[in-house]
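Residue numbers (our numbering): 722 to 1244.
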């Protein structure tokens, strides 16, 4: 009789168990599914998971692509470029099982990212009722990535593509939806929109953690978070949180009894570690699951959470754009953003302001290729960080895509931009680019928003007048020898210069005086 070693029995059992653990049915990520839109005129990656070693066949129209699931079950193919098509194309994926995707179109795909002003839904816009009624567009497709902050790179998320209608548009990004609807109606092709905004998020959370750690420019940012992570993970911090909850419960009970507003519950260490400011958290939790999906470009509305670190944002924001482009491997795809709106109380005397410095950091990023900035310094609300006119925000953003990406003629997307200055006695003459027919004032004839200073660097409101199609002259009786000018340099400036086509003059300064957001330890 043949004797079988117990060790061999155990090994065989483990082999069977291991093999079983690797078995998987054909599965697809949420970003690849029914009703999706593929980006026209470029290769489109398609991926999923199946039992390791399984041959997977992807059929799209007359294209047939074959591959084999790797040891981890992942498989991927690349579809050849095709032109826009509003007629659903047959899409079948066959592996251990077969999936036929329904109603797949080809057109233009844009990602809509940022913080709460991108996340604000159509329901929050001033014209929500009317706009929703005008939003039944079967070939405008929407998908939203749920909020998730983590250091562990996610492969997938819970969500699905939907055709836009009067109901589901109300829960989608207003800026994103209006932007996409403009494209859909003007270009006459299907449009897909991916919404992955998170309110209050910081730019560093949108970048791969390993990447930002490797750049010495952000060493202080990373060091600060590393120390904070150690503290938040300590038993001492957990005990402090538990004590703060007990105190909060007592305060809440007292407030309820007296009819007062109860205090907000303290954030737990776990909430902070899984939040929207920790470097890499949003990249891993929300960007990574969509990484590689074919897109035309990105629209972005963020910066409020980084305003106190505007000096750092001058490097951080363009770095984020560069890293996303590197991650997607689609070259320098279009990236268009919204400059911060006017917000907070109006200050009558000119001076320094964090939001003004953040706006400058955003404008400086225009040096990157295929970028654009929508200036909305005229449509903010002093008492609401979330201005409710998102329709005009989208209209200014979409000008960039129409002019630069889709060849629509006679559209100037760039707001008037400071070019240079000359000092002429007690006056300074300013010249601007992108005036689009000339400059004009809005609301009143008097020019508002300029400040001027001399060698003492004391800013005073300037008298200004438009002297030509692209020139403005400023002066002040109290500054006989001026050296610099600023325009709309405040959190909530009073300013009123536009191009004759309606785009506001971009806030600017001619000086290079030290920024108030520059850290003291930076030389």
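Think of the CB as a built atom: it goes at the ideal place given N, C-alpha and C, for glycine as much as any other residue.
For residue j and residue i, the rounded distance between their alpha carbons
i, j, result
"residue 757", "residue 1242", "49 angstroms"
"residue 1005", "residue 872", "6 angstroms"
"residue 1212", "residue 752", "39 angstroms"
"residue 874", "residue 1010", "8 angstroms"
"residue 1235", "residue 976", "45 angstroms"
"residue 920", "residue 840", "6 angstroms"
"residue 1226", "residue 934", "37 angstroms"
"residue 818", "residue 924", "41 angstroms"
"residue 742", "residue 796", "Below a pLDDT of 50, predicted positions are generally treated as unreliable, and residue 742, at 44, falls in that range; the measurement from the model is reported next regardless. Using only the alpha carbons, I get a separation of about 17 angstroms."
"residue 735", "residue 772", "Bear in mind that a pLDDT of 42 at residue 735, under 50, signals an unreliable position, so the number given afterwards is only what the model happens to contain. If I take the Cα positions, the gap works out to 18 angstroms."
"residue 1084", "residue 777", "47 angstroms"
"residue 1031", "residue 1196", "29 angstroms"
"residue 1129", "residue 793", "46 angstroms"
"residue 918", "residue 834", "5 angstroms"
"residue 1155", "residue 1166", "21 angstroms"
"residue 788", "residue 1141", "57 angstroms"
"residue 1002", "residue 851", "37 angstroms"
"residue 765", "residue 775", "22 angstroms"
"residue 1125", "residue 1094", "13 angstroms"
"residue 955", "residue 930", "22 angstroms"
"residue 782", "residue 808", "11 angstroms"
"residue 1240", "residue 816", "56 angstroms"
"residue 913", "residue 895", "14 angstroms"
"residue 1256", "residue 958", "Summary: the structure shown does not reach residue 1256, with the chain confined to residues 722 through 1244, and so no result is reported for it."
"residue 1191", "residue 1159", "6 angstroms"
"residue 870", "residue 859", "32 angstroms"
"residue 767", "residue 1007", "18 angstroms"
"residue 1230", "residue 1208", "6 angstroms"
"residue 837", "residue 988", "19 angstroms"
"residue 868", "residue 842", "15 angstroms"
"residue 806", "residue 904", "15 angstroms"
"residue 973", "residue 994", "25 angstroms"
"residue 856", "residue 992", "36 angstroms"
Check: residue i C-beta below 7 angstroms from any heavy atom of the ligand PLP
i, result
"residue 1119", "As presented, the structure is devoid of all ligands, the ligand PLP included, so that no description of it is given."
Beta carbon of residue i nearer than 8 angstroms to that of residue j
i, j, result
"residue 814", "residue 779", "yes"
"residue 1026", "residue 922", "yes"
"residue 1228", "residue 1149", "no"
"residue 1215", "residue 1200", "no"
"residue 804", "residue 825", "no"
"residue 883", "residue 892", "no"
"residue 1163", "residue 1217", "yes"
"residue 1132", "residue 831", "no"
"residue 866", "residue 845", "no"
"residue 854", "residue 887", "yes"
"residue 822", "residue 754", "yes"
"residue 944", "residue 969", "no"
"residue 1049", "residue 1000", "no"
"residue 1035", "residue 1082", "yes"
"residue 1313", "residue 1139", "The requested residue 1313 does not occur in the structure, where the chain is confined to residues 722 to 1244."
"residue 1018", "residue 1054", "yes"
"residue 1202", "residue 1223", "no"
"residue 1237", "residue 1078", "yes"
"residue 877", "residue 750", "yes"
Nearest candidate by alpha-carbon position, reference residue i, set the options
i, options, result
"residue 761", "802, 1155 and 1117", "802"
"residue 863", "897, 1231, 1076 and 1029", "897"
"residue 1086", "938, 1057, 759 and 798", "1057"
"residue 1210", "1204, 1152, 1068 and 1127", "1068"
"residue 1249", "1157, 1036, 1001 and 1013", "Nothing can be reported for residue 1249: it is not among the residues displayed for the chain, which extend from 722 to 1244."
"residue 1287", "829, 852, 844 and 954", "Residue 1287 falls outside the range modelled here, since the chain spans only 722 to 1244, and no answer is possible."
"residue 770", "748, 1031 and 811", "748"
"residue 927", "1076, 1046 and 1145", "1046"
"residue 1206", "978, 799 and 1071", "1071"
"residue 1134", "868, 1230 and 1219", "1219"
"residue 1194", "800, 1144 and 1233", "1144"
"residue 950", "911, 960 and 990", "990"
"residue 694", "1096, 1204 and 1123", "For the chain, the structure presents residues 722 to 1244; residue 694 sits outside this window and is missing."
"residue 1023", "1066, 998, 911 and 1014", "998"
Test: residue i CB closer than 8 angstroms to a CB of chain B
i, result
"residue 888", "No chain B is present in this structure, which holds just one protein chain."
Threshold first: 4 residues or longer. Then list the alpha helix (DSSP H) segments lying entirely within the region 823-895, N to C. Whole alpha helix (DSSP H) segments, 4+ residues: 837-840 and 849-854.
What ranges does the alpha helix (DSSP H) occupy inside the region 1111-1173, keeping only unbroken runs of at least 4 residues that lie completely in it? Complete alpha helix (DSSP H) runs here, min 4: 1111-1121.
Quick check for students: name the residue ranges of the beta strand (DSSP E) that lie wholly in the region 1004-1092, counting only runs of 3 or more. With a minimum length of 3 residues, the continuous beta strand (DSSP E) runs that stay inside the region 1004-1092 are 1018-1022 and 1056-1059.
Mind listing, in chain order, the continuous alpha helix (DSSP H) runs of no fewer than 4 residues lying wholly within the region 891-951? If we require 4 residues or more, the alpha helix (DSSP H) runs fully inside the region 891-951 come out as 895-908 and 930-934.
Those runs of the beta strand (DSSP E) which lie wholly inside the region 1180-1241 and span at least 3 residues: 1184-1189, 1192-1196, 1205-1208 and 1218-1220, all fully within the region 1180-1241.
Should the region 1098-1109 be called in touch with the region 1062-1079, which here means at least 3 C-beta pairs below 8 angstroms? By the Cβ criterion, the region 1098-1109 is in contact with the region 1062-1079, since at least three pairs of Cβ atoms, one from each stretch, lie closer than 8 angstroms.
Contact between the region 1039-1046 and the region 963-981: three or more CB pairs below 8 angstroms? No: fewer than three Cβ pairs fall under 8 angstroms.
Are the region 1180-1193 and the region 1161-1172 touching by the rule of at least three beta carbon pairs closer than 8 angstroms? Yes: the two stretches touch, three or more of their Cβ pairs being nearer than 8 angstroms.
How about the region 897-917 and the region 1115-1123: do they share at least three Cβ pairs that are nearer than 8 angstroms? Yes: at least three Cβ pairs fall under 8 angstroms.
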